[in-house]
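Residue numbers (the UniProt record's numbering), protein chains in the order written: chain A, 1 to 638; chain B, 1 to 315. Reviewing the structure listed below.
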Amino acid sequence: MMAFLKLLARNRLAAFGGILLLALVLLALITPLLPLLEPNATNPANRLQPPLSDGHWLGTDQLGRDILSRLLWGLRVSLAVGIAASLVAALIGSTIGLVAGYFGGRTDNTLMRGIDMLMAFPYILLALAIVAVLGPGLMNALYAIAIVNIPFFARNIRGATVSIAHREFVDAARLSGKGDLRILVSEILPNVLPVIVITLSTTVGWMILETAGLSFLGLGAQPPQADLGSMLGEGRRMIINAPHVATLPGLAIFLLVMSINLLGDGVRDALDPRLKSGALSRPAPMTRLRRRQHVKVDDVVRVPGQASALLEVDDLHTDFEVGRETYRAVNGVSFSLKPNECLGLVGESGSGKSVTALSLLGLVASPPGVISGGHVHFQGRDLLDLGIRELRRVRGNQVAYVFQDPLSTLHPLIKVGDQLIEALRTHQPLSRQAAHQRAVELLGQVRIPNPERRASQYPHELSGGMRQRVGIAMALANDPQLIIADEPTTALDVTVQAQILTLLKRLREAQGTSVLFITHDFGVVSQVCDRVAVMYAGRIVEVGPTQELLANPRHPYTRRLIDCVPRLGDPDHEPAAIPGLPPAANALPSGCAFADRCDLVEPRCREGEIALIASDGERQVRCIKPLANRTTTGAAHA
Amino acid sequence: MHLYVLRRLLMTVPVLLGLTVIVFLIMSLIPGDPALAILGSYATPENLARLRADLGLDLSLPQQYWVWLTNILQGDFGRSYHLNRPVLDEVLERFGATLILAGTSLALCVVIGAAAGIVSAVRQYGWADRIITLLVLIGISVPAFWLGMLMILLFAVELRWLPVSGMYSIYGGGDLPDLLRHLVLPAIALAVVAAGVIARLTRSNMLEVLRQDYIRTARAKGLDENRVILGHAFKVALVNLIPVIGVQAGFVIGGAVYIETVFQWPGIGRMLVNAISTRDILLVQGGVLVVAASYVLFNLCADLLQYWLDPRIKA
């Protein structure tokens, strides 16, 4: 309860609403004690006095009655009627919801059909029909408004009840011999109470507004009794000569309802954080770039005599800023990629491989992502320095992505052919027909049978493998020089995986595209990649040609990772999990990030930054005592 | 594939029947003896009994309902004894005026609400978002009848830009421009609340959709931001919003009761309020039935539109 109030108080708007509402309620409560004029005392000689006139701060109405006094007395009535109507609706509606949700079956069906029928009427219309039968009057208006609000409670509370009616604690209570009524009251009601409160807080404002509305129409409070609505309705006739008579009660209704709505939003946010409007933040078109100083680590990336690179990533840093914490997802990554080369980026989940891939074209969700340092050289330009317009010309054109789960990455409501056409026409001046033809060709190229028909289908009508083929076709649309494939086979089953890998390999050979292949699977790496970079805690810890690296890992982490993979036909090999967990990305240790999990750790491993150093051949490793070849048993050190 | 459409159409029938049952039951709850009310307290018992038989009051409640329903289905809603004309004629005439007002209003609140919601989501936490959030809060808290009066005071009385009330000018009016001039203020006043609700839901929906993977895909393709927001994100948000628009239509029609009273618009809302104060029960009954039935049909259209826009429902 205290936590709830604290949450509420932190929300400034809700606090403002709460204070305003409290003031209005207090004012209504102490009205009888205030030295006010009699609200119904008429004085025709003194009629329609403007505000701030003698003895009448807010003037007088058409019968010479004091408006201030009537306003406060009217506020009392409006508040009382609104709250009473809400409580009646909450009581009846919640009971219906509880019973329907708890008993289910035919009870549920009958009750909810009735509720649906009530909801089939336009809200106010039903209230009007009820007042028509009962006759005008404040109590009748109260009943009418309460009845038309019952469905909101019944539906919400039924939903909440259904979700807990078969939980263990309810079953336990039932087995212990408690009756249905006791279970409903002692087990279920406390759990659905927040839903009742939320529904109440969102409907009270409405109910006050609507009862005022009925009074305004002359169907609620009858003279001489007055609530804010009927004052407004009576004042309407003088609106041109004496606007204050009608506008002041309207202002009072407005302030009252607004304060309730403000508080209600706050209550909803505090009780149901999922719905909190600020909890969702939308990613900007490109990741924010805010370069800052990072500790310099002298990584050796280029091997002498290497051909010129297509892509060169230099000391890339990407952080996630959540609250006051900074999570360093990518912490100084450097690598290069030659034309027509396939580089595998391997690591556990959370190692920063996907974030690295998304950072290259500024696709990391931002907020909370921030690229905080480094350079991405592609064809002589630093992609990180491009504005969004220039970056857009590179995206999907020279550099294209294939994403992990094609069901969530293809637009669900656009035909796959149209998604391809869109990709084509964004970067090429094609007519719609030409683009359509090219799209069908592309689908054929990725071995989709019957491409013409498939093009007019939606993603949900295709199988997982087919969808990923569409994803690949979309990446190929503009003949990119570089494809970034972010775990393209992870969401697929094994046989489909093999087909997709074969397809990627073939396309690469045919088109000469470079591929940055992100995966956690060494089996996949050995099939498609020329070189591999292993990532750990946001850094590359080892790079080398695939076969050499797999046969003789130099970094202890790489070796442990390879040893995790079971080997077919080698029953003596015991796959061993790596003990411990990677370090938290918001509290990286100094020195080697793997030190805590490494058997070969020694004190100097934890001192200062450890650079990526040239090892044998074209290999680099971030370790001060790299492993030797696997020829000897045990761990022999260089 | 069209099974859904068929099922949805069939589902409408019991709902419409249910409406008639509820209206019939509410009206049969009216206390007092109609025969006595018609003949007055000096009527002889024989005459009362004969009139009761003529009115069908000696039948059981289900029998009465059946007679009443068959009459209604043949377009016989009875006669308004206050206006001395058939209820259906009066209701349809008035309903036309309400449709013009409510239809314009609904179109306004969808366009304004959706646009405000999109801007608010795209500029989340920016000044535009703050201003829109504040306006939305005011919009959903303001009594529409009060807002209407303030608008009359400002735009019709002070500035004299637009007519104070009515649907047509009394002298020399009657054409479309005249109607439009009379329509501006009430249509806006009526749209404000629903526009606020729609803006709010559009914002939260857009925020949800903009975080989806397929939006990242759209950006990775190099699409420009307008296309990402409108062509990709809003497309999904709109499908989610259609049922909301259906519900809001109910609030707009309901709100028309107030706005028609404030602006003296000759619509069905004002007719109902008058009929209630003159206790013209048959007129109330006919009006409520026609409006409720058209609301059910409107929601049917909303569902069919959603079905048409979202291919996933067909699966």
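For every residue, glycine included, the Cβ atom is placed at its ideal position computed from N, Cα and C. Model, not experiment: these values are computed from the prediction.
Test item: CB-CB of residue i and residue j under 8 Å
{"i": "residue 141/A", "j": "residue 211/A", "result": "yes"}
{"i": "residue 153/B", "j": "residue 421/A", "result": "no"}
{"i": "residue 598/A", "j": "residue 610/A", "result": "no"}
{"i": "residue 552/A", "j": "residue 630/A", "result": "yes"}
{"i": "residue 184/A", "j": "residue 98/A", "result": "yes"}
{"i": "residue 292/B", "j": "residue 120/A", "result": "yes"}
{"i": "residue 401/A", "j": "residue 220/B", "result": "yes"}
{"i": "residue 15/B", "j": "residue 296/B", "result": "yes"}
{"i": "residue 48/B", "j": "residue 37/B", "result": "no"}
{"i": "residue 11/A", "j": "residue 327/A", "result": "no"}
{"i": "residue 149/A", "j": "residue 89/A", "result": "yes"}
{"i": "residue 432/A", "j": "residue 446/A", "result": "no"}
{"i": "residue 203/A", "j": "residue 86/A", "result": "yes"}
{"i": "residue 228/A", "j": "residue 246/A", "result": "no"}
{"i": "residue 448/A", "j": "residue 474/A", "result": "no"}
{"i": "residue 229/B", "j": "residue 118/B", "result": "yes"}
{"i": "residue 263/A", "j": "residue 21/A", "result": "yes"}
{"i": "residue 440/A", "j": "residue 455/A", "result": "yes"}
{"i": "residue 489/A", "j": "residue 500/A", "result": "yes"}
Residue interval of the alpha helix (DSSP H) (run including residue i)
{"i": "residue 327/A", "result": "From DSSP, residue 327/A is part of no alpha helix (DSSP H) but of the beta strand (DSSP E) over 325–337."}
{"i": "residue 490/A", "result": "Premise fails: residue 490/A is in no alpha helix (DSSP H) and is neither H nor E."}
{"i": "residue 401/A", "result": "Unbroken run through residue 401/A is the beta strand (DSSP E), 399–402; no alpha helix (DSSP H)."}
{"i": "residue 65/B", "result": "61–73"}
{"i": "residue 303/B", "result": "281–309"}
{"i": "residue 447/A", "result": "Looking at the DSSP string, residue 447/A is not in any alpha helix (DSSP H), and its letter there is neither H nor E."}
{"i": "residue 199/A", "result": "189–216"}
{"i": "residue 594/A", "result": "Premise fails: residue 594/A is in no alpha helix (DSSP H) and is neither H nor E."}
{"i": "residue 127/B", "result": "127–141"}
{"i": "residue 557/A", "result": "556–563"}
{"i": "residue 176/A", "result": "First-last for residue 176/A: undefined, no H or E at that position."}
{"i": "residue 234/A", "result": "228–235"}
Spatially closest choice to residue i from the options, by CA coordinates
{"i": "residue 202/B", "options": "17/B, 243/B, 66/B, 179/B", "result": "243/B"}
{"i": "residue 577/A", "options": "448/A, 560/A, 583/A, 590/A", "result": "560/A"}
{"i": "residue 311/B", "options": "285/B, 258/B, 236/B", "result": "236/B"}
{"i": "residue 167/A", "options": "327/A, 419/A, 102/A", "result": "102/A"}
{"i": "residue 249/A", "options": "74/A, 455/A, 432/A, 237/A", "result": "74/A"}
{"i": "residue 372/A", "options": "466/A, 359/A, 47/A, 380/A", "result": "359/A"}
{"i": "residue 299/B", "options": "259/B, 250/B, 309/B", "result": "250/B"}
{"i": "residue 222/B", "options": "480/A, 523/A, 555/A", "result": "480/A"}
{"i": "residue 287/A", "options": "608/A, 28/A, 330/A, 365/A", "result": "365/A"}
{"i": "residue 237/A", "options": "217/A, 18/A, 558/A", "result": "217/A"}
{"i": "residue 62/A", "options": "505/A, 295/A, 231/A, 370/A", "result": "231/A"}
{"i": "residue 482/A", "options": "408/A, 514/A, 499/A, 175/A", "result": "514/A"}
{"i": "residue 557/A", "options": "572/A, 537/A, 566/A", "result": "537/A"}
Residue range of the beta strand (DSSP E) that includes residue i
{"i": "residue 160/A", "result": "That residue, residue 160/A, is in no beta strand (DSSP E); its alpha helix (DSSP H) goes 138–164."}
{"i": "residue 378/A", "result": "369–378"}
{"i": "residue 21/B", "result": "Unbroken run through residue 21/B is the alpha helix (DSSP H), 3–28; no beta strand (DSSP E)."}
Beta-ladder partner(s) of residue i, from DSSP
{"i": "residue 517/A", "result": "344/A, 485/A"}
{"i": "residue 542/A", "result": "534/A, 621/A"}
{"i": "residue 56/A", "result": "53/A"}
{"i": "residue 320/A", "result": "327/A, 369/A"}
{"i": "residue 613/A", "result": "621/A"}
{"i": "residue 313/A", "result": "335/A, 376/A"}
{"i": "residue 317/B", "result": "In the structure as shown, chain B begins at 1 and stops at 315. Residue 317/B is therefore absent and cannot be evaluated."}
{"i": "residue 395/A", "result": "399/A"}
| said: Quick test of the definition: if touching needs 3 or more C-beta pairs under 8 Å, does the region 339–350 of chain A touch the region 533–541 of chain A? | reply: yes
| message | Any contact between the region 123–137 of chain A and the region 267–277 of chain B? By contact I mean 3 or more CB pairs, one from each, below 8 Å. | response | yes
| query | Does the count of Cβ pairs from the region 515–533 of chain A and the region 327–347 of chain A closer than 8 Å reach three? | reply | yes
| message | Any contact between the region 241–258 of chain A and the region 63–79 of chain A? By contact I mean 3 or more CB pairs, one from each, below 8 Å. | response | yes
| request: Evaluate the contact criterion for the region 140–155 of chain A versus the region 50–70 of chain B: three or more CB pairs, one atom per stretch, below 8 Å. | output: no
| query | On the three-pair Cβ rule with 8 Å, is the region 159–169 of chain B touching the region 222–236 of chain B? | reply | no
| task | Please confirm if the region 179–193 of chain B is in contact with the region 91–98 of chain B, defined as three or more CB-CB distances below 8 Å between the two stretches. | result | no
| At a cut of 8 Å, does the region 211–219 of chain B reach the region 401–419 of chain A through at least three beta carbon pairs? | yes
| said: I want to know whether the region 17–32 of chain A touches the region 282–297 of chain A - three or more CB-CB distances under 8 Å. | reply: no
| request: Report yes or no: do three or more beta-carbon pairs, one from the region 313–320 of chain A and one from the region 374–381 of chain A, lie closer than 8 Å? | output: yes
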